[in-house]
Each structure stands twice: as C-alpha cells, then as structure tokens.
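Below is one structure; the comments refer to it alone.
Numbering (this note's numbering), first residue to last: 72 to 695.
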C-alpha cells in the first residue's frame, strides 16, 4: 500500500489529524527532484508546540528562498499516530512532500528543552536513521542541532553529527554552502564534517576527545585533527535590521500554541539575572528599528490573516522605542480587530501603562516575575527589583481596572532559606490586600484574584549558577508543602512544577557525554514525550540511570569547584568564565550588578566577539 493510501487509512483513527496532513496556508513546496539540497527542519515535540516556534519559522523561510535548497517540516507524532505508523511500517515524514526523514540530506533539530531529548531519538528511529552518528553511512543524512540547549551539546554528542552554536541565520547558510561544495567534490562523510568544523559557530563532536579524571570530572576536551578549533565561538547576527525575517508564516488549520504573528523587536538582554541562561547566551542586546518593524507587521498581517501581533523578546518593554511602536501599531490596527500583546514585561508601572494601552478592549491578567520572595534573595540572583516596585506595579494595574494578577517565583534558588520561601506568601498576600482595597472602591473586591506559579530552580550552563548544587527532591517538596499551607486564601491559586522533571532537567542540562548513555537507555525503556506530564515516568528514568551505572546526583546535586573543567567550557558564548565566577561570588555576598546598558559590567563579550549592544530605537533607557 502506498503512503497516501496508508495515511487515508490511519488518519481517521487518530486525534487531530490536521497535525499530519500539511497543505496549510503559506506552505512552501518545491520540486524534490530538481532541488539540490533537501533540509528537514525537525522539531522534537508535537505539531501543536513546534508550529509556534519563531526560530523554526525564520529558518524555514530563509532556506526556502534559496533556489538550490528546500526546507520541509517534521514534528514528533502523538502516541496514537506513532502506534499506527509503526503498525503499518510508515516512516516519519515531512508535511510538505511526505518524504521520509532518511531521504533528506540534512536533518536539523531545534534544541529548546532537555526533556525533549528522548523525542529526538524516537524521531530518528521512526525516520529510519541510525541513532548513533558513528553508525551512519554515506546514505544517511547529517543530523544537525541548534538552539539554546546546543550551548551544552555534550549529552547529545553521540547522536548528532554537528551543532550550530548561537544565532542560526548566517551559520545555516554557510553550512548549506559547505554541503554543496562537498557534494560537488564527492567527498567522504568525514571530509564534510572536517570542512564543516571550520565554519565559525559549528561544533563537530566526533572531532573532539573527552577524557575524565578519577573523580569523574572532565580532564580535557581535545581536538583530534589539525585545523579543528580548540574552542567554538558562538555566531552572532550583529545587525538585526539587516537580518532575514519572514514576511509570511505558515498558518495552521488546527489550534496550536502561540498561534499569532510574532514580531521580534530585539534579541538579547542586558539585565544580568544570574539564574537566566538566555540572558547570558543571547548577549549582546540588539534592536530592530521601529520603521522596519512596522513594515514587517504590515506584510505579516496581509499574508497571514492573524488577529494578534505579539512583540517578542526576552524583555519587550526594554525596547528603546516601545511607546511609539505600540502607538503606531494601535493606530494602524486598533480599529481592525487586531490585538497587540506583550509576552514579557518589566516589573514596573511603566509596563502596566503599556499593557493598559493595548488591552483596553480585552483585559486578561498581568504577569509579573519577582522570582524570589525577599529582597535578600532577589539581590542574590541579581533581580534588580524591589518589593516597592512590585506593589507599585500591582497598584497601577488594579487602579487601571485589572482584577487578576499572576506572580511567578522560583524555589530552590542558591542561598534560599525557609524565610525566603515564606516571603513568597507574604508578598502575595500584600498584592491581594492591595487589590481588594483598590477594586473594593468599585464594589469588585470579590473579583480580585492572584495566581502564584512556582517553578523549581534548575542551574544551567554558562550562567553564574553553573557551579551550584541543585536543591534536593526532599528540599523542593518541603518548600512546596510549606507554601501550600501559607497560600490558603481562596482568592489565591497556587501551581507548581513537577519536582522530578526539574531534577532530571538539571542533570541533563549540566551533563557530559556519559549522560547520552542514560538518554539512550531511557528511550529504549520507553521514555518519550517527557515534557508531557501524562507520559513522564520517573521510574523509567531511574531504571536508565541504574542500568548505565551513572549517578544523577553527581550532575544535579554536586557543588562544582571553581577550578573544575566543565563539560561545556570549549563552547564560548563570549561571556568570560571569570565574569561568571565573579557573579557567583557576588551572589553569595548578596551584591547587585547593574544593567549593562547603564554601563559596561566587563563581561568580556563585546571585545571577545567584536560585537556590542545595538540600540536603534528613538527612545532611551529609563526605569520610570
């Protein structure tokens, strides 16, 4: 039975068949036979999640504008679809032309979250590609990884042929050019990898040997061939105004996460929160001009039909021209039923004013992230906000007519005590009392709601907290229980992350190549879709650690020595290890480090990579 008939047979029996049919609005379909390079963009989660990823959208359009390259999308199937595919021998296929994954020249995975790694193995297996890079032959595609998790590629080193470190827009073009050159030379697989390793920002793990000390720590990471760089520096797109950005997005026919226009106003962040990996690895901060953003918005509205424009960045209200940008967008689209949204806000009254401006017709709730419940701990994590900042923002929100506020905190942060945890409840109660006081003047005291979301802190590579031990399972559960007792008011809703998944994330996030053995054993034991609570099995992962003889506590609960060689030290973000160590010391001392747009903090990135923060907006930075 051919593939089309198989799909006709299978799809009526699975949930959301629209995940697998393709043919969406703005899909790009090229001639398979005449296009030289076939690139599969693989997202290691289901369609509903992957369709909302901005980087994925950018690379899809960027690659397809080349005449010599086609890019097609591949997503992880849900369990019902996978069962049918395996039952009928149907390989994982692309949505554009339904070619099997193994038929492509390059397969690129975006690495957004450590708990998606078993999905990668499952997709490779379902696509007919050997899981181990060392087992692939000339007939197999090259497997490429990129995204934030690629900054510690070592747990996936055995499964990937190469990684792109940093911004992908320029590096991916260089990689395709390299592939075409190698293709013309009719070289061997190893020759391509050696040539690719010379591209700035490309890391080929097979060309490096990792040795370990008797205590289990890394002794050295050494290139095995001449010409292979000892350290791989990330790629940085210096000018966002000149960078490619799509003028249309593929519009799905089924409901997906983040189904809207995403307008990237800036990339990077200057605030220096010590827990935040994104704030370190995406430096420097670079803005797009307001004129260009308005042009991009116009094209995307016309080409997609979306009714929401989301201004995307790590801290959107930091964009230098944010007031005028919102005013222009509201003036252009406010009467057309097109909403403007700000997914990330500073914790201040300025941000509330922006939210009030764009949500007059459709108020939902405002989200603020104090992160910690006491000033001492906020200073330790370099969260440059005070209790007064939060209460002032909450007051402005309630006074403007909001009834609901969401607060995001973390537990398990370095130096945290039970007093700090109690501070979360105390701060929440103050916000609730303030809301009741202000909204009560209009007789709406009963409508005031405060939602508290508490995540478990996970230490990540390339941050000042890369040396710290994660809080234990017992400590995290104790703090969750403590908070549940303190947050008993019916007007307060309390949610928290699963402790076991956070502990596993920490192990993988700071793992070395040996963790790859655990990931493989876990997948072989049935682990997949680990980001979904209904499919995550702590028992199966525990069995995988036991089967491989690897102690997860060595990676998760161990305090690192500052002189230790870390598994990712050969991957350079531009932020110096000396700066990160200094920040780790300052954290323990409760000392703040200012926002680097207020003055250089000597992180080393700008001189190391030859880049700098770029402010192209007409406004200036202000805390007001």
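In this text, a Cβ means the ideal position worked out from N, Cα and C, and glycines have one as well.
Supposed close pair residue i, residue j - CB separation, criterion 8 Å
| i | j | result |
| --- | --- | --- |
| residue 334 | residue 388 | Not really, about 14 Å apart at Cβ, beyond 8 Å. |
| residue 212 | residue 177 | 6 Å |
| residue 418 | residue 464 | 6 Å |
| residue 524 | residue 569 | So it is not a contact: roughly 13 Å between Cβ atoms. |
| residue 215 | residue 231 | 7 Å |
| residue 584 | residue 301 | That belief does not hold up - the Cβ atoms of residue 584 and residue 301 are roughly 17 Å apart, past 8 Å. |
| residue 536 | residue 345 | 6 Å |
| residue 348 | residue 534 | 5 Å |
| residue 381 | residue 332 | 7 Å |
| residue 149 | residue 86 | 6 Å |
| residue 677 | residue 647 | Not confirmed; about 11 Å, so no contact. |
| residue 279 | residue 295 | 7 Å |
| residue 180 | residue 83 | With 8 Å as the limit, residue 180 and residue 83 do not qualify as a contact, their Cβ atoms being about 30 Å apart. |
| residue 727 | residue 448 | For residue 727 there is no data in the structure shown, the boundaries of the chain being 72 and 695. |
| residue 430 | residue 401 | Not a contact, Cβ separation roughly 11 Å. |
Nearest candidate by alpha-carbon position, reference residue i, set the options
| i | options | result |
| --- | --- | --- |
| residue 655 | 124, 631, 645 | 631 |
| residue 571 | 611, 329, 617 | 611 |
| residue 293 | 287, 275, 286, 306 | 275 |
| residue 99 | 314, 320, 663 | 320 |
| residue 638 | 224, 606, 149, 119 | 224 |
| residue 406 | 680, 379, 390 | 379 |
| residue 376 | 243, 408, 206 | 408 |
| residue 446 | 234, 661, 423, 303 | 661 |
Bridge partners - residue i, DSSP secondary structure assignment
| i | result |
| --- | --- |
| residue 70 | Nothing can be reported for residue 70, as the shown portion of the chain is limited to 72 through 695. |
| residue 479 | 524 |
| residue 337 | 358 |
| residue 411 | 380 |
| residue 142 | 110 |
| residue 274 | 234 |
| residue 294 | 279 |
| residue 179 | 112, 215 |
| residue 636 | 289 |
| residue 687 | BP columns for residue 687 are empty, so no partner. |
| residue 222 | Answer by DSSP bridge pairing: none, since residue 222 is not bridged. |
| residue 210 | BP columns for residue 210 are empty, so no partner. |
| residue 322 | 96 |
| residue 303 | 642 |
| residue 332 | 380 |
Straight-line gap, residue i to residue j (C-alpha atoms, nearest Å)
| i | j | result |
| --- | --- | --- |
| residue 557 | residue 493 | 8 Å |
| residue 687 | residue 415 | 20 Å |
| residue 397 | residue 371 | 16 Å |
| residue 510 | residue 462 | 15 Å |
| residue 499 | residue 103 | 57 Å |
| residue 160 | residue 191 | 19 Å |
| residue 73 | residue 172 | 17 Å |
| residue 694 | residue 665 | With a pLDDT of 38 at residue 694, under the threshold of 50, the modelled position of that residue is not reliable, and the figure given next carries that caveat. The straight-line gap from Cα to Cα measures roughly 12 Å. |
| residue 543 | residue 574 | 8 Å |
| residue 112 | residue 282 | 33 Å |
| residue 650 | residue 670 | 15 Å |
| residue 692 | residue 473 | Since pLDDT at residue 692 reaches only 38, below the 50 mark, its modelled position is unreliable, and the value read off the structure follows with that caveat. Answer to the nearest angstrom: the Cα atoms are 27 Å apart. |
| residue 458 | residue 263 | 55 Å |
| residue 540 | residue 241 | 36 Å |
| residue 652 | residue 633 | 7 Å |
| residue 367 | residue 318 | 6 Å |
| residue 597 | residue 609 | 12 Å |
| residue 667 | residue 343 | 8 Å |
| residue 622 | residue 615 | 10 Å |
| residue 323 | residue 144 | 13 Å |
| residue 261 | residue 299 | 13 Å |
| residue 672 | residue 131 | 37 Å |
Under 8 Å between C-beta atoms of residue i and residue j
| i | j | result |
| --- | --- | --- |
| residue 602 | residue 186 | yes |
| residue 635 | residue 168 | no |
| residue 477 | residue 527 | no |
| residue 236 | residue 306 | yes |
| residue 110 | residue 141 | yes |
| residue 399 | residue 365 | yes |
| residue 156 | residue 197 | yes |
| residue 497 | residue 444 | yes |
| residue 547 | residue 482 | yes |
| residue 455 | residue 97 | no |
| residue 359 | residue 312 | yes |
| residue 238 | residue 325 | no |
| residue 267 | residue 249 | yes |
| residue 566 | residue 520 | no |
| residue 579 | residue 188 | yes |
| residue 468 | residue 423 | yes |
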